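> Have a look at the structure that comes next, please.
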Amino acid sequence: MRKKTFHEAYMETLYDIYYNPEYLNSPRGQKSKEQLNYHLTLENPIERVTYLPSRKTNIVFNFAEVLWYLSGSNNLDFISYYNKKMPLYSMNKKTLTGTAYGPKIFEFGNAKLNQWNRIKNLLTREDIDSKRAFIQIFDASELFVSGNIDVSCTIGLQFFIREDKLYMSSVMRANDAFRGMVSDLFSFTFMQELMARELHLEVGEYFHNVGSIHIYESDNEWAKTVLEEAKNHNGISAFEFPKMPTGNNWIFIETVLEYEALLRKDQISMSKQDIETLDLPEYWKQILLLFSIYQHIAYKRDMDHSLFQGLLPIYQFFVRNKWFNYFSTKQKEEI
Numbered sequence: 375m376r377k378k379t380f381h382e383a384y385m386e387t388l389y390d391i392y393y394n395p396e397y398l399n400s401p402r403g404q405k406s407k408e409q410l411n412y413h414l415t416l417e418n419p420i421e422r423v424t425y426l427p428s429r430k431t432n433i434v435f436n437f438a439e440v441l442w443y444l445s446g447s448n449n450l451d452f453i454s455y456y457n458k459k460m461p462l463y464s465m466n467k468k469t470l471t472g473t474a475y476g477p478k479i480f481e482f483g484n485a486k487l488n489q490w491n492r493i494k495n496l497l498t499r500e501d502i503d504s505k506r507a508f509i510q511i512f513d514a515s516e517l518f519v520s521g522n523i524d525v526s527c528t529i530g531l532q533f534f535i536r537e538d539k540l541y542m543s544s545v546m547r548a549n550d551a552f553r554g555m556v557s558d559l560f561s562f563t564f565m566q567e568l569m570a571r572e573l574h575l576e577v578g579e580y581f582h583n584v585g586s587i588h589i590y591e592s593d594n595e596w597a598k599t600v601l602e603e604a605k606n607h608n609g610i611s612a613f614e615f616p617k618m619p620t621g622n623n624w625i626f627i628e629t630v631l632e633y634e635a636l637l638r639k640d641q642i643s644m645s646k647q648d649i650e651t652l653d654l655p656e657y658w659k660q661i662l663l664l665f666s667i668y669q670h671i672a673y674k675r676d677m678d679h680s681l682f683q684g685l686l687p688i689y690q691f692f693v694r695n696k697w698f699n700y701f702s703t704k705q706k707e708e709i
């Protein structure tokens with residue numbers, strides 16, 4: 375499958391798996407519809423979101439998850455603040471193993487290998503045409519942990535520089551077509567763009583390869599609702615997803631992570647004016663606005679609506695759509 379945007383690819387994938395599954399099975403007792411050896415190509419990976427209102431994309435979680443990866447953390451407290459179901463996948467209720475891709479990327483194995491820096495150096499200092507710029511995520515040792523409930527779904531990510539563009543290919547052993555695909559492609563294409571900006575390259579195509587792509591029976595009704603809505607949607611968005619600033623964004627990521635932790639732990643609150651005064655590009659200020667809005671939601675406080683007004687229209691759409699009751703009646707909706 376080749377599509378211009380994730381929205382288009384998501385709708386076609388969902389339709390295909392839901393109505394044309396190759397297999398009906400129950401891995402680990404969970405009934406699902408499944409296809410094997412799935413592939414898609416995104417021509418414009420920056421357009422990494424789906425806009426259908428019934429799907430209720432959680433843009434705050436999307437940014438939080440990829441920044442969790444980029445922080446190198448496996449801390450459950452970080453990500454469970456944004457998704458209350460994450461503790462279900464932790465064996466010790468303190469950390470995550472398979473789901474936490476950050477330690478795999480930046481401190482892989484006993485040698486604590488920084489794979490991100492290695493492939494960046496490989497592509498810039500050794501061989502611009504390299505076929506070896508691969509970040510390994512899945513570790514064979516995960517299958518030898520008795521009762522492991524959190525095995526990495528992603529095998530790895532491969533980067534290619536071709537004709538002054540950075541292409542990326544992901545390989546996954548399994549992917550939930552309804553839920554996981556939304557956040558996984560957001561994170562992977564975000565990392566592709568981050569690397570491209572750092573290397574001063576244009577963003578090339580993104581390739582998504584999955585061994586088993588599936589929809590769990592528990593999501594059938596919701597998936598059907600989304601597909602019904604898609605029949606009356608032309609697939610064209612009124613928004614354009616923001617582009618990351620060119621250059622090395624790591625100093626900005628570090629600043630955002632510093633404030634994210636303070637907001638998450640409720641050690642500070644930030645107004646729109648507070649965020650505006652920070653020495654950050656607007657792209658990263660917008661993410662802090664989202665985290666500040668979510669702090670009000672998570673701690674069930676009245677909203678500072680100036681934060682919402684400071685958001686770009688695309689982010690206003692996602693926040694209002696996800697937490698409609700909160701913004702219309704002040705009722706606090708659980709994430």
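Offset between the sequence shown (1-based) and the working numbering: plus 374. Virtual Cβ for every residue (Gly too), placed ideally from N, Cα, C. Treat the numbers as computed from the prediction; the structure is a model and nothing was measured.
#1: Measuring only the C-alpha atoms, how far is Val423 from His582?
#2: Under the rule that 16 or more other beta-carbon atoms within 10 Å means buried, what is Ile479, buried or exposed?
#3: So for Asn583, helix, strand or coil by DSSP?
#4: Kindly indicate which three-state DSSP category Lys407 falls into: helix, strand or coil?
#5: Are the CB atoms of Asn448 and Gly483 nearer to each other than 8 Å?
#6: Check whether the Cβ atoms of Leu663 and Val630 lie closer than 8 Å to each other.
#7: Tell me, please, which residues DSSP counts as bridged to Met546.
#8: Applying the criterion that 16 or more other CB atoms from any shown protein chain within 10 Å of the CB defines a buried residue, is Ser515 buried or exposed?
#9: Quick one: what's Gln510 bridged to in DSSP?
#10: Can you give me the Cβ contacts of Lys467 inside the same chain, cut-off strictly under 8 Å, excluding the 5 residues immediately before and after it?
#11: Rounded to whole angstroms, what's the CA-CA distance from Ala474 to Leu531? Just pull it up for me.
#12: Can you tell me whether DSSP reads Glu537 as helix, strand or coil?
#13: Taking only the alpha-carbon atoms, compute the straight-line gap between Ile649 and Tyr657 and give it to the nearest angstrom.
#14: Are at least three pairs of beta-carbons, each pair with one atom in the segment 424 to 435 and one in the segment 405 to 412, less than 8 Å apart?
#15: Taking C-alpha atoms, which residue in Phe682, Ala635, Thr651 and Ser680 lies nearest to Ala438?
#16: Could you say if the segment 534 to 544 and the segment 393 to 400 meet the contact criterion of at least three C-beta pairs nearer than 8 Å?
#17: With a 10 Å radius around its C-beta and 16 neighbouring C-beta atoms as the bar for buried, classify Ala612 as buried or exposed.
#18: Taking the C-alpha atoms as reference points, what is the distance between Asp503 and Gln683?
#19: Could you give the distance in angstroms between the alpha-carbon of Arg675 and the alpha-carbon of Phe691?
#20: Would Met644 pass as a contact of Ser666 if the rule is Cβ separation under 8 Å?
#21: Which residue's Cα is closest to the Cα of Gly621: Leu654, Tyr590 and Leu573?
#22: Straight-line CA distance for Phe552 to Pro619?
#23: Val577 to Met565, Cα distance in whole Å?
#24: Among all the DSSP beta bridges, which residues are the ones paired with Tyr668?
#25: Kindly give me the distance between the Cβ atoms of Tyr392 and Ile589, rounded to whole angstroms, as I take these residues to be in contact under 8 Å.
#26: Helix, strand or coil for Ile589? Go by DSSP, reduced to three states.
#27: Going by DSSP in three states, Phe518 sits in which element: helix, strand or coil?
#28: Rounded to the nearest angstrom, how far is the Cβ of Leu388 from that of Ala548, given a contact under 8 Å?
#29: How is the beta strand (DSSP E) around Leu398 delimited, first residue to last?
#30: Bridge partners of Phe482, per DSSP?
#31: Tell whether a beta-carbon distance below 8 Å holds between Ser557 and Asn436.
#32: Cβ atoms of Lys378 and Leu414: under 8 Å apart, would you say?
#33: Suppose you measure from the CA of Leu497 to the CA of Ile535; what does that come to, to the nearest Å?
#34: Which value, in whole angstroms, describes the spacing of the CA atoms of Asp513 and Thr651?
Let me spell this out:
#1: 15 Å
#2: buried
#3: strand
#4: strand
#5: no
#6: no
#7: Thr528 and Val584
#8: exposed
#9: Gly530
#10: Leu450 and Pro461
#11: 15 Å
#12: coil
#13: 12 Å
#14: no
#15: Ala635
#16: no
#17: exposed
#18: 45 Å
#19: 21 Å
#20: yes
#21: Leu573
#22: 30 Å
#23: 11 Å
#24: DSSP lists no partner for Tyr668.
#25: 6 Å
#26: strand
#27: helix
#28: At roughly 16 Å, the Cβ-Cβ gap does not stay under 8 Å, so Leu388 and Ala548 are not in contact.
#29: Tyr397 to Asn399
#30: Leu487
#31: yes
#32: no
#33: 7 Å
#34: 43 Å
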